[in-house]
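J.: Under this note's numbering, think of the first position of the sequence shown as 23, with each following residue one higher.
Where is the CB? At the ideal position from N, CA and C, for every residue including glycine.
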Amino acid sequence: MHHLLNYFKGMAMGAADVVPGVSGGTIAFITGILDPLLDAIRKINPSLFGIIKQQGFKAAFMHINGPFLVCVFGGILTSIFTLAKLISWLLTNHPIPVWSFFFGLILFSVVHMLKQVKGINLLQVALFILGVAFAWAITILNPIELEVSYFTFFISGCIAICAMILPGISGSFILLLLGMYPAVLAAAKGFDILMLACFACGCVVGLLSFSHVLSAMLRKFHDQTLMFLTGLMLGTLGKIWPWKEVLTWRENSSGELVALTEQNLSPMQFEQITGEPSQLTAAIICLIVGISLVWGLEKFGQKHSA
Numbered sequence: 023m024h025h026l027l028n029y030f031k032g033m034a035m036g037a038a039d040v041v042p043g044v045s046g047g048t049i050a051f052i053t054g055i056l057d058p059l060l061d062a063i064r065k066i067n068p069s070l071f072g073i074i075k076q077q078g079f080k081a082a083f084m085h086i087n088g089p090f091l092v093c094v095f096g097g098i099l100t101s102i103f104t105l106a107k108l109i110s111w112l113l114t115n116h117p118i119p120v121w122s123f124f125f126g127l128i129l130f131s132v133v134h135m136l137k138q139v140k141g142i143n144l145l146q147v148a149l150f151i152l153g154v155a156f157a158w159a160i161t162i163l164n165p166i167e168l169e170v171s172y173f174t175f176f177i178s179g180c181i182a183i184c185a186m187i188l189p190g191i192s193g194s195f196i197l198l199l200l201g202m203y204p205a206v207l208a209a210a211k212g213f214d215i216l217m218l219a220c221f222a223c224g225c226v227v228g229l230l231s232f233s234h235v236l237s238a239m240l241r242k243f244h245d246q247t248l249m250f251l252t253g254l255m256l257g258t259l260g261k262i263w264p265w266k267e268v269l270t271w272r273e274n275s276s277g278e279l280v281a282l283t284e285q286n287l288s289p290m291q292f293e294q295i296t297g298e299p300s301q302l303t304a305a306i307i308c309l310i311v312g313i314s315l316v317w318g319l320e321k322f323g324q325k326h327s328a
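(1) For A62 and P289, I'd like the C-alpha separation in whole angstroms.
(2) Indicate whether Q285 and K266 have their beta-carbon atoms separated by less than 8 Å.
(3) What does a CB cutoff of less than 7 Å around L256 pick up in its chain, not counting 5 residues either side in sequence?
(4) Report the option in P68, I118 and G212 whose CA atom is closest to the CA atom of F103.
(5) Just confirm the distance between the C-beta atoms of L319 and T53, as a whole number of angstroms; I'd bet it's less than 8 Å.
(6) Mind checking Q146: buried by the 16 CB within 10 Å criterion, or exposed?
(7) Counting pairs of Cβ atoms below 8 Å between the region 235 to 243 and the region 90 to 97, do you hit three or more?
(8) Taking all protein chains shown into account, do 16 or more other C-beta atoms lie within 10 angstroms of the C-beta of W111, making it buried, or fewer, making it exposed?
(9) For A205, which residues of its own chain have a beta-carbon under 6 Å away from its beta-carbon, when the five flanking residues on both sides are left out?
(10) Pull up the DSSP beta-bridge partners for T283, would you.
(11) Please return the same chain residues whose Cβ sits closer than 8 Å to the Cβ of F173, not counting the five positions on each side in sequence.
(12) Under a three-way DSSP split, which group does W317 fall into?
(13) Could you tell me the distance, in whole angstroms, from the CA atom of F124 to the CA atom of A305?
(14) Are the beta-carbon atoms belonging to L251 and L60 less than 8 Å from one another?
(15) Give the secondary structure of I109 by DSSP, where H, G and I count as helix, E and B as strand, and everything else as coil.
(16) Could you check the C-alpha separation between L287 and P117 for me, to the nearest Å?
(17) Give the range of the alpha helix (DSSP H) segment to which T53 is assigned.
(18) Do G224 and S192 come within 8 Å of each other at the CB atom, strictly closer than that value?
(19) CA-CA distance, S334 and I73?
(20) So, with DSSP's three-state summary, where would you put N87?
(21) For M84, does the count of other Cβ atoms within 10 angstroms reach 16, so buried, or fall short, so exposed?
(22) Under the assumption that L188 contacts G47 (Cβ atoms under 8 Å), give the Cβ distance between them as a whole number of angstroms.
(23) Compare the Cα-Cα distances from Y203 to each of G88, L216, A222 and A182 and report the closest residue.
(24) Does the distance from the CB of I66 to the CB of L230 come in under 8 Å?
(25) Please state the DSSP three-state secondary structure of S300.
(26) For G228, count neighbouring Cβ atoms within 10 angstroms of its own Cβ and tell me buried if that reaches 16, exposed if not.
(27) If you scan the region 176 to 258 from start to end, which runs of the alpha helix (DSSP H) of 4 or more residues do you find wholly inside it?
(28) So T283 packs on L269, CB below 8 Å; how close in whole Å?
(29) Can you tell me whether S171 is helix, strand or coil according to DSSP?
(30) Judging by CA-CA distance, which residue of G297, H25, A38 and I215 is the nearest neighbour of N87?
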């Protein structure tokens, strides 16, 4: 049952990682698996060869908490391969309810993370503001267009995986900024094994290096790191605001027109400018569902810890 639960948590992380603006690291944090995940990944280092030589593969596998990693990453991969098409379709055909759900999820996640901070001082407030400003600055950057190749897939994996385990910054959004999100999503939907292998190799390299940094920060500067990460989460809310007007468009490598710059609108402004319904009732319901999900995960985590 414990392994199945970790698998479902991994699936939740994978589902979040597919959506630009939502971080799988946020899901890992609110479900209580971020610390053991970072700790397990941190143990994958050259010393592992010594354990294999002295005690065998089984001992090394248990040393890195192998069953836990298999369950979590199995869940992540399951979501990426099974939900990529569904989430792409939902974002295209029902964007307002979907973004509303994730807006509620991130909004209450900010509250959840602030509860983990034991005491707030001036330095922590400054780090929180810095996190908000940094995330907001990232969200207004214009995407670049990298040429699709095995090398750019590898580099994209290195960079995006850091964001995927970092609460607040979305790996998918980083891929959008690099202009690689459509290509990676297409590779996942089309099971392009070579491209996905290059991306996966980049993820492994980035994960094994960045996990040490994040783990050390959480161990040595726990509250300060949490305040900065919470600021990151709050700063990205503008990116996933449901009602937007596209100001400029660009043509991607596939010849398709995609949004370049957008402007947030109120529901009433959205109806007036676009002539489309704001779907306010559906948006509020989805917002509440997102909030309720995080609240439920929080209560479940507290009960499970007890």
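T.: Answer, in terms of the structure:
(1) If you draw a straight line from the Cα of A62 to the Cα of P289, it is about 45 Å long.
(2) K266 is positioned such that its CB atom lies closer than 8 Å to that of Q285.
(3) Taken in chain order, the residues that qualify are V132 and V154.
(4) Comparing Cα-Cα distances from F103 to each of P68, I118 and G212, the minimum goes to G212.
(5) Going by Cβ atoms, the distance from L319 to T53 rounds to 6 Å, so yes, they are a contact pair.
(6) The residue is buried, with at least 16 neighbouring Cβ atoms inside 10 Å.
(7) Contact fails: fewer than three Cβ-Cβ distances are below 8 Å.
(8) Looking at its Cβ environment, which holds fewer than 16 other Cβ atoms inside 10 Å, W111 is exposed.
(9) Closer than 6 Å at Cβ, skipping near neighbours: V170.
(10) Partner(s): T270.
(11) Excluding residues within five positions, the ones whose Cβ falls inside 8 Å are C220.
(12) In this structure, DSSP gives W317 a helical state, which the three-state scheme calls helix.
(13) Rounded to whole angstroms, F124 to A305 spans 10 Å at the Cα level.
(14) No.
(15) Annotated three-state conformation of I109 is helix, per DSSP.
(16) Rounded to whole angstroms, the separation of the alpha carbons of P117 and L287 is 14 Å.
(17) For T53, there is no enclosing alpha helix (DSSP H), since its DSSP letter is neither H nor E.
(18) No; because the gap between Cβ atoms is not below 8 Å, this pair is not in contact.
(19) Residue 334 lies beyond the range of the chain shown here (23 to 328); nothing can be said about it.
(20) N87 falls in the coil class under three-state DSSP.
(21) Looking at its Cβ environment, which holds fewer than 16 other Cβ atoms inside 10 Å, M84 is exposed.
(22) At roughly 5 Å, the Cβ-Cβ gap stays under 8 Å, so L188 and G47 are in contact.
(23) Ranking G88, L216, A222 and A182 by Cα distance to Y203 puts A182 first.
(24) Taking 8 Å as the Cβ cut-off, I66 and L230 qualify as a contacting pair.
(25) The answer is coil: DSSP assigns S300 none of H, G, I, E or B.
(26) Burial state of G228 is buried, judged by a 10 Å Cβ sphere holding 16 or more other Cβ atoms.
(27) Fully enclosed alpha helix (DSSP H) runs of 4 or longer: 193 to 200, 203 to 212, 215 to 242 and 244 to 257.
(28) Yes, T283 and L269 are in contact; Cβ-Cβ is about 5 Å, under 8 Å.
(29) Three-state DSSP puts S171 in coil, outside helix and strand.
(30) Closest by alpha carbon: H25.
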